[in-house]
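Enquirer:
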Amino acid sequence: MMPAGNDSGNGASHEAASLRASPRLFENPLLDKLSRVHWSTPLFMYLPVVFALAVISLKSLDPGAALGATALGYFIWTLIEYFGHRFLFHYEFPGRFGARIHFLIHGVHHVHPNDPLRLVMPALLSGPIMLIAYGVVRLVFGLPLGYPVLMGFIIGYLSYDMVHYYVHHAEPKTRLGLTLRRLHMLHHFRDSTRGFGVSAPWWDYVFKTAHVRAERGGGT
Numbered sequence: 588m589m590p591a592g593n594d595s596g597n598g599a600s601h602e603a604a605s606l607r608a609s610p611r612l613f614e615n616p617l618l619d620k621l622s623r624v625h626w627s628t629p630l631f632m633y634l635p636v637v638f639a640l641a642v643i644s645l646k647s648l649d650p651g652a653a654l655g656a657t658a659l660g661y662f663i664w665t666l667i668e669y670f671g672h673r674f675l676f677h678y679e680f681p682g683r684f685g686a687r688i689h690f691l692i693h694g695v696h697h698v699h700p701n702d703p704l705r706l707v708m709p710a711l712l713s714g715p716i717m718l719i720a721y722g723v724v725r726l727v728f729g730l731p732l733g734y735p736v737l738m739g740f741i742i743g744y745l746s747y748d749m750v751h752y753y754v755h756h757a758e759p760k761t762r763l764g765l766t767l768r769r770l771h772m773l774h775h776f777r778d779s780t781r782g783f784g785v786s787a788p789w790w791d792y793v794f795k796t797a798h799v800r801a802e803r804g805g806g807t
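Heads up: the sequence shown is residues 588 to 807, going by the numbering used here.
#1: Please name the residue in HIS699, PRO788, VAL707 whose C-alpha comes closest to that of TYR752.
#2: Work out the CA separation of TYR744 and PRO731 for me, nearest whole Å.
#3: Do you know how far the Cα of ALA720 is from the Cα of GLY651?
#4: For the candidate residues ILE667, PHE676, LYS620, whose alpha-carbon lies nearest to that of HIS774?
#5: Cα-Cα, which of PHE631, PRO715, HIS672 is closest to HIS697?
#6: If contact is defined by three or more beta carbon pairs under 8 Å, each pair taking one atom from either stretch, is the stretch 758-770 in contact with the stretch 735-743?
#7: Which residue wins for smallest C-alpha separation from HIS798, given the options SER779, ASN615, PHE674?
#8: Go ahead and label GLU668 buried or exposed: buried means 16 or more other beta carbons lie within 10 angstroms of its beta carbon, across all protein chains shown.
#9: Does HIS771 come out as helix, strand or coil in the three-state DSSP assignment?
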């Protein structure tokens, strides 16, 4: 740390503290505690579900069909991730109450992007998403085909949460890791209207929301 008398050091420290701070979101202590999530929590919650779905799928379906349905579920998740981040997380609801909703859903993460306890989805949000996903795949695909589709969907969700935590708190060494981190940091610190695919950045190229490289030297 810089000495207390160094103004620039204090400024940097205050900025870093702001980025890492864990602000209270709810007056209710239980709700506020539930809004703070250790990065490993989704793994403990959903990996047993993935394992159970894999067992059921392989007992009920041909391995090739189960694998294809799992891939489809993952593909569906990547679209949910992109469109959810783009249109729900970044939608600014009108009024004071709307601003509060936006802050709870995603705004807090942009104000405090390095808060380690608010980088993966709390169960209060992920649980209903998974229940809705189960209902939809059961309605659309029926059972047992819906089981591997749901499994792929959950695997996609876990990939998203783990990548999101990784790009904020790890030190990537691989080209893929460095690329994912760079694209997400551009979303946070250059242009939040681009770069919505956290674990699936290819959708930004498909839907024309990829970050545009700045021209060097200001020339054409």
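From the three backbone atoms N, C-alpha and C, an ideal C-beta is built for every residue, glycine too.
Expert: Looking at the atomic coordinates:
#1: Nearest C-alpha to TYR752 among HIS699, PRO788, VAL707: VAL707.
#2: PRO731 and TYR744 have their C-alpha atoms spaced approximately 21 Å apart.
#3: Distance between the alpha carbons of GLY651 and ALA720: 22 Å.
#4: When each option's Cα is compared against that of HIS774, the closest is PHE676.
#5: In terms of Cα proximity to HIS697, the closest of PHE631, PRO715, HIS672 is HIS672.
#6: Result no; under three Cβ-Cβ pairs closer than 8 Å.
#7: The residue with the shortest Cα to Cα distance from HIS798 is SER779.
#8: The residue is buried, with at least 16 neighbouring Cβ atoms inside 10 Å.
#9: Looking at HIS771 - three-state DSSP - the assignment turns out to be helix.
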